[in-house]
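Some notes on the structure that comes next.
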Ligand SMILES: [Zn+2]
């Protein structure tokens, strides 16, 4: 089974081609270059580098979010259009799972972090149980301060991963002290193959219905809901 | 037998997710449009983030439907044409990336198309073009006079310096308390009223083909505001009629001058505001009897955003040898040339 994996959820772009349980090609570009510009050429060259054509693919796995709205949409659009037109299954996996690899040999909890601006983060809590990734707290959008406070109630060690940990590290250290660990720069980058590993095992659904998991509503919707509520309260 | 060219068009520049299959640039085999208007109504206008979200949800359904209605498989498509700009960047991205994915999956040539070139080429789905021709493009985002001397060549001889005509319609409609989108409501009210209120016409410098509608818009708002302060009630129908007359006077007068100066053989109406009844009637009155000029006014379904027009424009570009690579990007500020 040839699997193409696409992750464009944040600045880094990660593409993997996997053959059953082997990673046969992986491309990682960590630049601020537009994903719309570079994702298709990267997919083309990654496949070409292992002499595969789109017709050789048996499944597509995509990082479904959370992350940059636009970034996630580019990946999901490419993935679902490819899967639909090639008539192959498509599986969406949490973008945060792409950062869990370094936790495989860590004795404690795993906490991948994406900056969601204004002190907020997209994050989740995982642990590895005999090599299997287990979700402890599913993907969420929280104020980092509240999230760290919640984590301080646990007495396990926690490994934070992702490039955005840097911005919160001071805050994390102050609260969790020496229970908090972070990955070095090589462990901070998303690996599409980690998502692929998960996505190969999942049951695919209807391709048309795979949509980004933004976790939060668009700002206009939030405001609209608030105004609806105010109107109701004033009645 | 000459070979046919079958083009799949994709358009997502604003709030319509659209796909279409066109044969030889002139014949529509399918034209599917998923409108988001119901979703945006609650916000009083198109919200870009919401538009992008809907495009991702609709994109593959819409393309599948376009192929099904055309009774063609993807292998029978010769080229894919997609709107690369201008428009909302997040919205454009969905169409562009979907088009690239299909093109890559089946090694089909890809062509990026300018949205306005599409609007103009909607006319070729009705009638073969005869050059030189003049096109009056009026929509929510554009008000332009475009001269075409041959296929695929566009010369913008005049454009709006501030609001597009459609934008002015929407803003005036909002001031009158009409629901979004306001253009059709103004048009309807204008049919019932009389243009009895004095409003300005922005002719700009002598000889200019440019437009300006922000002064007119402000004047409508001031007229309403002043009446309110004096405790008077202004008839919305008369105000709508007066506003519409001012817009149409400027559009048609400048178009007439342009058509004469450039010896146009055809006048093509293009863009969403081409649905406006008042504008259609005035164009018919002004140019309908002209023996030297053919007036082409597309049906409503081809005036508003659709993908058949993108496929039609894309066909010409494809036949002229234009190709886009997989690095094709959304270009919200793309210039027509
Ligand atoms: Zn348009």
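Residue numbers (our numbering), protein chains in the order written: chain C, 1 to 235; chain A, 1001 to 1337.
Note that CB positions come from ideal geometry on N, CA and C, so glycine has one too.
Minimum C-alpha distance to residue i - residue among the options
i              : options                        : result
residue 1235/A : 1113/A, 1271/A, 1322/A, 1190/A : 1190/A
residue 1253/A : 1072/A, 1242/A, 1279/A         : 1279/A
residue 139/C  : 93/C, 42/C, 56/C, 194/C        : 93/C
residue 1106/A : 57/C, 185/C, 97/C              : 57/C
residue 218/C  : 1012/A, 1003/A, 1054/A         : 1054/A
residue 1145/A : 1003/A, 1286/A, 1271/A         : 1271/A
residue 1166/A : 1220/A, 1295/A, 1276/A         : 1276/A
residue 202/C  : 33/C, 55/C, 32/C, 59/C         : 59/C
residue 1140/A : 1126/A, 1013/A, 1067/A, 1027/A : 1013/A
residue 164/C  : 115/C, 235/C, 227/C, 182/C     : 115/C
residue 145/C  : 209/C, 162/C, 137/C, 123/C     : 123/C
residue 183/C  : 101/C, 18/C, 71/C              : 101/C
residue 1300/A : 1042/A, 1308/A, 1010/A         : 1308/A
residue 1083/A : 1117/A, 1293/A, 1225/A, 1160/A : 1117/A
residue 64/C   : 27/C, 31/C, 80/C, 34/C         : 80/C
residue 1337/A : 1024/A, 1059/A, 1085/A, 1076/A : 1085/A
Same chain only: Cβ atoms within 8 Å of residue i, ignoring 5 sequence neighbours per side
i              : result
residue 1102/A : 1008, 1063, 1074, 1080, 1108
residue 1133/A : 1147, 1148, 1264, 1265, 1266, 1267, 1268
residue 40/C   : 78
C-beta neighbour in chain C for residue i, strict 8 Å
i              : result
residue 1019/A : no
residue 1011/A : no
residue 1105/A : yes
residue 1031/A : no
residue 1182/A : no
residue 1049/A : yes
residue 1283/A : no
residue 1068/A : no
residue 1329/A : yes
residue 1101/A : yes
residue 1097/A : yes
residue 1053/A : yes
residue 1278/A : no
residue 1154/A : no
residue 1001/A : Its pLDDT being 49, under 50, residue 1001/A is placed unreliably in this model, and the value from its coordinates should be taken loosely. Output row for residue 1001/A: interface = no.
is_contact[residue i, chain A] using C-beta, thresh 8 Å
i             : result
residue 76/C  : yes
residue 116/C : no
residue 73/C  : yes
residue 212/C : yes
residue 28/C  : no
residue 61/C  : no
residue 220/C : yes
residue 40/C  : yes
residue 54/C  : yes
residue 183/C : no
Residue i to residue j span [Cα, whole Å]
i              : j              : result
residue 3/C    : residue 1214/A : 54 Å
residue 69/C   : residue 1128/A : 43 Å
residue 78/C   : residue 1094/A : 8 Å
residue 119/C  : residue 143/C  : 6 Å
residue 49/C   : residue 25/C   : 8 Å
residue 981/A  : residue 90/C   : There is simply no residue 981/A to check, as chain A begins at 1001 and stops at 1337 in what is shown.
residue 214/C  : residue 1274/A : 37 Å
residue 6/C    : residue 156/C  : 32 Å
residue 1231/A : residue 1051/A : 41 Å
residue 1142/A : residue 191/C  : 44 Å
residue 950/A  : residue 1174/A : Nothing can be reported for residue 950/A: it is not among the residues displayed for chain A, which extend from 1001 to 1337.
residue 180/C  : residue 160/C  : 7 Å
residue 1206/A : residue 1257/A : 12 Å
residue 1305/A : residue 1078/A : 23 Å
residue 1029/A : residue 1285/A : 33 Å
Neighbourhood of residue i by C-beta, 6 Å cutoff - its chain only, sequence neighbours within 5 removed
i              : result
residue 1035/A : 1016
residue 225/C  : none
residue 1250/A : 1201
residue 1162/A : 1212, 1214
residue 1245/A : 1195
residue 1320/A : 1152
residue 1178/A : 1185
Close Cβ partners of residue i (< 7 Å) along its chain, the five nearest in sequence each way excluded
i              : result
residue 1001/A : At residue 1001/A the pLDDT is 49, less than 50, meaning the model places this residue with poor confidence and gives no usable figure here.
residue 44/C   : none
Residues that residue i contacts on chain D, provided the C-beta gap is smaller than 8 Å
i              : result
residue 1093/A : The structure shown contains no chain D; its protein chains are C and A.
Any non-hydrogen atom of ligand 2 within 7 Å of residue i CB
i              : result
residue 1139/A : This structure lacks ligand 2; its bound ligands are ligand 1.
Checklist entry - Which parts of the segment 51-107 of chain C are runs of the beta strand (DSSP E), unbroken and 3 residues or longer, counting only runs that do not cross its ends? => result 59-63, 90-93
Next on the checklist: Please give the ranges of any beta strand (DSSP E) in the segment 1070-1143 of chain A, keeping only runs that are unbroken, at least 3 residues long and fully inside the region.
Outcome noted: 1079-1085, 1110-1114, 1133-1138
Item to check | Within the segment 1196-1264 of chain A, ranges of the alpha helix (DSSP H) (whole runs, at least 4 residues) | outcome: 1214-1229, 1236-1261
Checklist entry - Which ranges does the alpha helix (DSSP H) cover as unbroken runs of at least 4 residues, wholly within the segment 115-165 of chain C, from first to last along the chain? => result 144-151
Checklist entry - Of all the beta strand (DSSP E) runs that stay within the bounds of the segment 166-208 of chain C, which reach a length of 3 or more residues? => result 180-182
Checklist entry - Along the chain, which unbroken stretches of the beta strand (DSSP E) at least 3 residues long are found entirely within the segment 11-48 of chain C? => result 12-19, 22-30
Checklist entry - Of all the alpha helix (DSSP H) runs that stay within the bounds of the segment 1252-1322 of chain A, which reach a length of 4 or more residues? => result 1277-1287, 1300-1303, 1308-1319
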